[in-house]
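Novice: So for the sequence shown, our numbering puts the first residue at 101; every next one is plus one.
In this text, a Cβ means the ideal position worked out from N, Cα and C, and glycines have one as well.
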Amino acid sequence: MLNILCQSQSAIDQAANLGVAGLMGAMWLWERNTSRIREKQIDEAHARIMTDRVELDQLMDMVKQNTEAMTKLSATQQQLVEQLRSAA
C-alpha cells in the first residue's frame with residue numbers, strides 16, 4: 101500500500117511540475133487513450149453483431165424452408181387420407 105502511495109506521490113509531483121497547461125495536455129492524452137479503447141470496444145461489438153446478424157439470417161432461412169417442407173408434407177398427408185377415405 102505504501103508503495104502505491106509513493107508511486108502516486110511521484111506522479112502527483114511530476115504533474116505539478118508540468119503546470120496547468122501540461123496538466124491539461126496530460127488529461128487530454130488520457131481522454132484520447134480512453135476514447136481509443138472505447139472505440140475499439142464499439143468496433144468489436146459491431147463486428148460481433150454483424151456476425152450474429154448473418155447467422156440469424158441463415159437460421160431464419162432454414163426455419164422458412166423447414167416450415168415450407170412441413171406444410172407440403174402436411175398437405176400431402178391430407179391428400180393421402182382423403183384418397184384412402186374415398187377408396188374405402
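#1: Using only the alpha-carbon positions, how far apart do L105 and L123 sit?
#2: Give me the Cα-Cα distance between V181 and Q165, rounded to the nearest whole angstrom.
#3: Rounded to the nearest angstrom, what separates A187 and M160 at their Cα positions?
Specialist: In brief:
#1: Legend: pLDDT at L105 = 46, less than 50; position of this residue unreliable, value from coordinates given subsequently. Approximately 20 Å, taken between the alpha carbons.
#2: 24 Å
#3: 40 Å
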